[in-house]
Ligand code: AR6
């Protein structure tokens, strides 16, 4: 059972805006009106019409998620979530976990199969990647055990080889490989 779940998950290194999946997840801010990092890259690749749709969403609280179309992206949808700004307090991990769980729930509610996550909060928001990686993979495992729904592929896409190695190591650890 454990083996089966970890087979649904895949680690990649590269640019999330290039992926041909049902949904890519955006590490946004509460305004949902764009920003730097992966948020900026997604808005640039999707085109200005994405911002038009985002304006109608009325922002998003930390830990929650909202879906839009993907427009000029290969991905059919963008799921915008807002990670916590790292503070070192216990609530950080809960909020980060909620980002993953709520994004997956939205994917499932929309009958989506494949979803790709960046390392939410691990850039400007300062979350230590080792901790964030464990939260990401553990939460996805929990979702796949508890709900799953339509989701059959979960990709973690890391920009740097350093972050890729951290994710790969932990995925191997939980796969028992
Ligand atoms: N593909 C994959 N990963 C990427 C890409 C990309 N194209 N670009 C950056 N990353 P960050 P946060 C990685 O700062 O920490 C924005 O301004 C990056 O190397 O984008 O959640 C928002 O508007 C890092 O590992 O997101 C918010 O204000 C990870 O994505 C704020 O930043 C996340 O880095 C959110 O900060």
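Numbering (this note's numbering), first residue to last: 1 to 177. Here a beta-carbon is modelled for each residue, glycine too, at the ideal position from N, C-alpha and C.
Check                                                                                                                        : Outcome
Through-space distance from residue 60 to residue 25, alpha-carbon basis                                                     : 14 Å
Boundaries of the beta strand (DSSP E) in which residue 119 is found, first to last residue                                  : Looking at the DSSP string, residue 119 is not in any beta strand (DSSP E), and its letter there is neither H nor E.
Residue 162 and residue 102 closer than 8 Å at C-beta                                                                        : no
Residue 107 beta carbon near ligand 1 (any heavy atom closer than 7 Å)                                                       : no
Nearest residue (CA-CA) to residue 79, options 66, 91 and 87                                                                 : 66
Spatial neighbours of residue 137 in its chain, beta-carbon cut-off 8 Å, leaving aside the 5 residues before and after       : 9, 156, 167, 170, 171 and 174
Contact set for residue 50: own chain, Cβ-Cβ below 6 Å, skip 5 residues either direction                                     : 43 and 71
Simplified DSSP assignment, three categories, for residue 27                                                                 : strand
Every unbroken beta strand (DSSP E) within the stretch 19-93, with a cutoff of 3 residues, ordered by chain                  : 23-28, 65-69 and 77-82
Assigned secondary structure, residue 10 (DSSP; H/G/I helix, E/B strand, else coil)                                          : strand
Buried or exposed (CB count within 10 angstroms, at least 16 for buried), residue 118                                        : buried
Which residues DSSP lists as bridging residue 156, in chain order                                                            : 11 and 117
Integer-rounded CB distance, given that residue 106 should sit under 8 Å from residue 188                                    : Residue 188 is absent from the model: the chain starts at 1 and stops at 177.
Residues of its chain near residue 143, where Cβ-Cβ distance is below 8 Å and the 5 sequence neighbours each way are ignored : 100, 101, 104, 105 and 151
Whole-angstrom distance between residue 86 and residue 74, CA atom to CA atom                                                : 31 Å
N-terminal and C-terminal residue of the alpha helix (DSSP H) that residue 174 is part of                                    : 161-175
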